[in-house]
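Just so we're aligned, residue 1 is where the sequence shown starts under our numbering, counting upward by one. Ideal placement from N, C-alpha and C gives every residue a C-beta, glycine not left out. No experiment lies behind these values; they were computed from the predicted model shown.
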Amino acid sequence: METDVATDIQLEAEALQLPTKRRRFVHDVYLHRLQRRHFLIFSVLPLLITIAAIVLAFYRPLTWVDLGLFAGMWFLNGLGMSLGFHRVFSHKCAKLKPSLKVGLCALGSMAAVGPLLSWVALHRLHHESADMDGDVHSPNLHGSSFWQRTRGFFHAHYTWMARHQYPNITRYAPDLLKDRTLYRASQWYVTWIVLGLVIPGVLGGLITMTWWGAFTGFLWGGVVRMFAVANVFWSLSSFSHLSWFGTRPYRAHNDFDNAGNNPIFALLSFGEGWHNNHHAFPWSAHHGLFWWSMDYGFWVLKFFEAIGLAYDVRVPSRKTIASRRVGVVPVQVGEGTIN
Ligand SMILES: [Zn+2]
Ligand SMILES: [Zn+2]
């Protein structure tokens with residue numbers, strides 16, 4: 001089985017054209033300082049503001065404008081994360097016209113889960129070493145007792161971001177370093193976050209024509225939405241990799257990979273909750289794999305394909321899907337169809 005694991009990982013890296021001989025991590029005190037600062041500003045502070053916003057809502061209830069701004073911004077931000085950061089930029093499951101690339105980079109950045117290049121590098125590292133040494137946000141490397149798994153869950157969901165090994169971007173994201181459009185869009189990371197906070201505030205103010213409407217628009221469409229979307233994607237590392245949740249019908253690329261399918265997370269995360277499917281077929285644009293699976297991220301991608309903004313959308317053939325079912329003899333990674 002060892003040989004199969006190594007071959008699978010190697011094939012996936014070759015499909016992404018990653019220079020696997022380069023070192024995996026960059027050790028730098030300055031980077032760890034940046035990580036801690038990012039964690040405090042974009043993970044801890046939004047948590048505190050979200051708690052304050054919920055308490056405030058008991059005294060002054062939310063309006064339909066607040067809820068509409070939350071839902072609209074949640075949809076756009078989640079789309080940027082699911083289609084942009086994850087499916088296309090990390091896994092090359094389709095090609096996009098430059099305008100859509102920049103748009104999805106901007107929208108995904110609004111979740112404040114890290115600049116595009118860092119996120120993609122970390123995510124490819126996650127697939128390379130899922131639930132093994134090197135996976136910086138695995139919940140399964142802290143022991144097997146109930147409390148050790150609970151600690152692993154909190155690590156995978158949240159605390160890993162305070163300090164973790166930093167993946168070498170020249171190894172894990174050389175394609176994005178060469179893509180001038182995306183590279184420049186990625187450098188505007190903080191600007192996209194600020195826009196994601198300001199736009200719902202301005203809209204709330206204009207729709208209600210009150211300063212209070214601007215404030216709650218900023219709060220619910222901006223900060224709370226940012227924290228909610230980030231939590232959805234953190235859940236894919238925590239809930240979706242814990243054996244307490246989900247089903248595992250397909251073989252992933254190493255024997256320790258614990259990614260599971262969960263329809264509730266699929267509903268909350270644009271279809272990303274079909275995480276076992278995704279780890280078995282990381283290059284597939286369709287995480288649900290079947291038409292009846294709830295995967296609205298894929299449906300939106302098909303819409304972009306229909307209007308000519310996306311092309312070369314990759315999905316596995318029925319034969320390839322069947323061959324990776326648990327208990328079936330392995331086939332090579334990367335066999336797929338373009339439709
Ligand atoms: Zn995963
Ligand atoms: Zn992935």
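Asked, Found
"Any beta-carbon of chain D closer than 8 Å to the one on K21?", "Annotation note: the requested chain D is absent from the structure, which comprises a single protein chain."
"Quick check: K97 and T181, are their CB atoms within less than 8 Å of each other?", "no"
"Rounded to whole angstroms, how far is the Cβ of F256 from the Cβ of S235, which I believe are closer than 8 Å?", "The pair is not a contact, with the Cβ atoms about 20 Å apart (cut-off 8 Å)."
"For G205, collect the residues of the same chain with a Cβ closer than 6 Å to its Cβ; drop the 5 residues on either side in sequence, then sort them by chain order.", "G213, A214"
"If contacts are defined as beta-carbon pairs under 8 Å, then A383 and R87 qualify, I think. What distance do you get, rounded to the angstrom?", "This structure cannot settle anything about residue 383, because the visible part of the chain is limited to 1 through 339."
"Tell me whether P167 sits in a helix, a strand or coil according to DSSP, three-state version.", "strand"
"Exposed or buried, E2, counting other C-beta atoms within 10 Å across all chains shown (16 or more means buried)?", "Per-residue confidence for E2 stands at a pLDDT of 32, beneath the threshold of 50, marking its modelled position as unreliable; the derived number appears in the next sentence. Classification of E2: exposed, given that the 10 Å Cβ count is below 16."
"So for T247, helix, strand or coil by DSSP?", "strand"
"With H, G and I counted as helix, E and B as strand and the rest as coil, what does DSSP make of W291?", "coil"
"Determine the direct distance from the alpha carbon of H164 to that of F154, and round the result to whole angstroms.", "14 Å"
"Measuring CB to CB, does N254 end up less than 8 Å from M132?", "yes"
"Could you please give the first and the last residue of the uninterrupted alpha helix (DSSP H) stretch that includes F85?", "No alpha helix (DSSP H) contains F85, which DSSP labels as neither H nor E."
"For W292, is the classification buried or exposed, using 16 other Cβ atoms within 10 angstroms of its Cβ as the cut-off for buried?", "exposed"
"Taking all protein chains shown into account, decide if S317 is buried (16 or more other Cβ within 10 angstroms of its Cβ) or exposed.", "exposed"
"Which stretch, first to last residue, makes up the alpha helix (DSSP H) that contains V202?", "189 to 208"
"So does R236 have its beta carbon nearer than 7 Å to some heavy atom of ligand 1?", "Before going further, note that residue 236 is Leu rather than Arg in the sequence given. Yes; taking the cut-off as 7 Å, the Cβ of L236 has a heavy atom of ligand 1 nearer than that."
"Ligand 1 and A130: does the residue's C-beta get closer than 7 Å to at least one heavy atom of that ligand?", "yes"
"First and last residue of the alpha helix (DSSP H) that includes V223?", "Note, V223: premise wrong, no alpha helix (DSSP H); not H, not E."
"Measure the alpha-carbon distance for P249 versus R325 and round it to whole angstroms.", "6 Å"
"To the nearest angstrom, how far is the alpha carbon of K319 from that of G327?", "15 Å"
"Near L18, which residues of its chain fall below 6 Å by C-beta distance, leaving aside the five closest residues on each side in sequence?", "none"
"Let me check you understand the geometry: is the CB of H137 closer than 7 Å to at least one non-hydrogen atom of ligand 2?", "no"
"Would you call the segment 298 to 316 and the segment 117 to 125 touching, i.e. three or more CB-CB distances under 8 Å?", "no"
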